[in-house]
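**Student:**
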Amino acid sequence: MTTLAASASVAEPFAVRLRTQTQNAHTRAESAGFMSRLMGGTGSIDQYVALIGQYFFIYEALERVGESFRTDPVGQAFISDALLRRQALEADLSFFSGPNWRETIEPLPATVTYVERLEAVASNSALFVAHHYLRYLGDLSGGQIIRVMVQRHYGISEEGLSFLIFPEVPKPKPFKDAYRVALEDAEWSADDRDDFILEVDRAYGLNFDLFTQLGESTAAK
72 MTTLAASASV
82 AEPFAVRLRT
92 QTQNAHTRAE
102 SAGFMSRLMG
112 GTGSIDQYVA
122 LIGQYFFIYE
132 ALERVGESFR
142 TDPVGQAFIS
152 DALLRRQALE
162 ADLSFFSGPN
172 WRETIEPLPA
182 TVTYVERLEA
192 VASNSALFVA
202 HHYLRYLGDL
212 SGGQIIRVMV
222 QRHYGISEEG
232 LSFLIFPEVP
242 KPKPFKDAYR
252 VALEDAEWSA
262 DDRDDFILEV
272 DRAYGLNFDL
282 FTQLGESTAA
292 K
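Residue 72 is where the sequence shown starts when you use the numbering used here, and the numbers rise one by one after that.
1) Quick one, which of Glu-230, Asn-195, Ser-165 has its alpha-carbon nearest Phe-127's?
2) Determine the burial state of Asn-95: buried for a count of at least 16 other Cβ atoms within 10 Å of its Cβ, exposed for fewer.
3) So what's Leu-244 in DSSP terms, helix, strand or just coil?
4) Between the beta-carbon of Leu-277 and the beta-carbon of Tyr-185, is there less than 9 Å?
5) Arg-218 to Leu-109, Cα distance in whole Å?
6) Helix, strand or coil: which one does DSSP assign to Arg-156?
7) Please state whether the Cβ-Cβ distance between Phe-234 and Leu-211 is less than 9 Å.
8) Can you tell me whether Phe-234 is helix, strand or coil according to DSSP?
9) For a quick check, are the C-beta atoms of Ala-132 and Glu-190 less than 9 Å apart?
10) Run through the stretch 176-203 for me and flag every whole alpha helix (DSSP H) of 4 or more residues, listed as ranges in chain order.
11) Could you give the first and the last residue of the continuous alpha helix (DSSP H) run that contains Val-145?
12) Near Glu-270, what residues of its chain come up, given a Cβ to Cβ distance below 8 Å and the 5 sequence neighbours on each side ignored?
13) So, for Gly-214: in the same chain, excluding its five sequence neighbours on each side, which residues have a beta-carbon less than 7 Å away from its beta-carbon?
14) Out of Leu-179, Asp-163, Gln-222, point me to the one whose CA is closest to Trp-172's CA.
15) Could you tell me the boundaries of the alpha helix (DSSP H) in which Ser-288 lies?
16) Which first and last residues belong to the alpha helix (DSSP H) in which Pro-84 is found?
17) If we count the other Cβ atoms within 10 Å of its Cβ and call it buried at 16 or more, is Ala-100 buried or exposed?
18) Would you kindly report the start and end of the unbroken alpha helix (DSSP H) that includes Leu-133?
19) Span of the alpha helix (DSSP H) holding Arg-173?
20) Which two residues bound the contiguous alpha helix (DSSP H) that contains Gly-214?
21) State the Cα-Cα distance for the pair Ala-290 and Tyr-225, rounded to the nearest angstrom.
22) Given this structure, state the Cα-to-Cα distance separating Leu-89 from Arg-135, to the nearest angstrom.
23) Of all the options Leu-160, Asn-195, Glu-287, Gly-286, which has the alpha carbon lying nearest to the alpha carbon of Asp-262?
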């Protein structure tokens with residue numbers, strides 16, 4: 072069985088198909104006005120804190136559901152403690168908002184919908200891993216660009232960016248390559264793989280809705 076620690080090579084057919092068929096949804100999500108402003112330097116630290124506040128609810132659900140896949144014949148290949156983000160988010164929120172940070176956050180409707188979807192796919196490895204793939208490989212890829220940009224634009228120290236720092240993944244590329252090999256080797260049917268791609272597309276839509284609501288809610292403050 073392939074594990075995330077295994078050596079790997081890129082350009083696996085399923086990874087290429089996945090990237091190609093979800094590109095439009097990916098571009099739409101990352102181009103949402105809220106994220107464009109945050110990345111472009113016209114956002115604010117408060118908006119970044121609002122973003123990670125919503126992410127806390129999402130990663131809490133993702134990692135809670137993920138625990139059930141540690142012994143799943145297929146899902147276990149993707150579960151890695153090196154990826155876990157909930158505690159890092161807690162540290163960041165404490166850094167920005169103090170020890171009572173939990174009192175400062177409330178899930179937006181889009182976040183509630185996102186969490187409900189994560190809980191709904193808890194019995195299906197292909198659908199769950201679709202969300203796992205989008206979030207964690209995204210954090211190891213575009214998330215590293217976000218880290219650089221928010222440091223540059225808003226002067227946030229690394230103490231407030233634990234969410235985007237992976238101390239146990241010092242070299243993201245080999246880790247991501249191994250993950251893609253695990254996707255290729257997963258014992259899913261052709262229909263499962265089609266559903267995986269559709270679920271990634273759906274997850275990008277959930278992120279777009281979240282970014283839209285964040286833009287609306289933070290603009291009103």
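Cβ atoms here follow ideal geometry from the backbone N, Cα and C, with glycine treated the same way.
**Tutor:** In brief:
1) Residue numbering aside, residue 127 sits at position 56 when the sequence shown is read from its first letter. Nearest C-alpha to Phe-127: Ser-165.
2) If you number the sequence shown from 1, residue 95 lands on position 24. The residue in question, Asn-95, is exposed, as its Cβ has fewer than 16 Cβ neighbours within 10 Å.
3) Counted from its first residue, the sequence shown places residue 244 at position 173. Just to set this straight, residue 244 is Lys in the shown sequence, not Leu. Looking at Lys-244 - three-state DSSP - the assignment turns out to be helix.
4) Counting from 1 along the sequence shown, the entry for residue 277 is found at position 206. Counting from 1 along the sequence shown, the entry for residue 185 is found at position 114. Cβ atoms of Leu-277 and Tyr-185: closer than 9 Å.
5) Translated into positions along the sequence shown, residue 218 becomes position 147. Translated into positions along the sequence shown, residue 109 becomes position 38. Roughly 11 Å separates the two Cα atoms.
6) Residue mapping note: residue 156 aligns to position 85 of the sequence shown, counting from 1. Residue state, collapsed to three classes: coil.
7) Reading the sequence shown from its first residue, position 163 is the one you call residue 234. Reading the sequence shown from its first residue, position 140 is the one you call residue 211. Not a contact, by the Cβ cut-off of 9 Å.
8) For the purposes of this step, residue 234 is taken as residue 163 along the sequence shown, with counting starting at 1. Reduced to three states, the DSSP call for Phe-234 is helix.
9) Against the sequence shown, residue 132 aligns to sequence position 61. Against the sequence shown, residue 190 aligns to sequence position 119. Yes; because the gap between Cβ atoms is below 9 Å, this pair is in contact.
10) 180-191, 196-203
11) Translated into positions along the sequence shown, residue 145 becomes position 74. No alpha helix (DSSP H) holds Val-145; DSSP gives it neither H nor E.
12) Indexing the sequence shown from 1 puts residue 270 at position 199. Val-192, Ala-197, Leu-198, Ala-201, His-202, listed in sequence order.
13) Here residue 214 is taken as the residue at index 143 of the sequence shown, counted from 1. Leu-235, listed in sequence order.
14) Within the sequence shown, residue 172 is the residue found at index 101, counting from 1. For the residues Leu-179, Asp-163, Gln-222, the minimum Cα distance to Trp-172 belongs to Asp-163.
15) Taking the first residue of the sequence shown as position 1, residue 288 is located at position 217. It spans 261-290 - the alpha helix (DSSP H) in which Ser-288 sits, taken as one unbroken run.
16) Start at 1 with the first residue of the sequence shown, and residue 84 comes out as number 13. Unbroken alpha helix (DSSP H) run through Pro-84: 84-92.
17) Here residue 100 corresponds to residue number 29 of the sequence shown, with the count starting at 1. Classification of Ala-100: buried, given that the 10 Å Cβ count is 16 or more.
18) Your numbering for residue 133 matches position 62 in the sequence shown. Leu-133 -> alpha helix (DSSP H) spans 116-137.
19) The residue given as residue 173 occupies position 102 in the sequence shown. Looking at the DSSP string, Arg-173 is not in any alpha helix (DSSP H), and its letter there is neither H nor E.
20) Position 143 of the sequence shown holds residue 214. Counting along the chain, the alpha helix (DSSP H) containing Gly-214 begins and ends at 213-225.
21) For the purposes of this step, residue 290 is taken as the residue at position 219 of the sequence shown. For the purposes of this step, residue 225 is taken as the residue at position 154 of the sequence shown. Distance between the alpha carbons of Ala-290 and Tyr-225 is about 17 Å.
22) On the sequence shown, residue 89 is found 18 positions in, with the first residue counted as 1. On the sequence shown, residue 135 is found 64 positions in, with the first residue counted as 1. Taking the straight line joining both Cα atoms gives about 25 Å.
23) Numbered from its first residue, the sequence shown carries residue 262 at position 191. Closest by alpha carbon: Asn-195.
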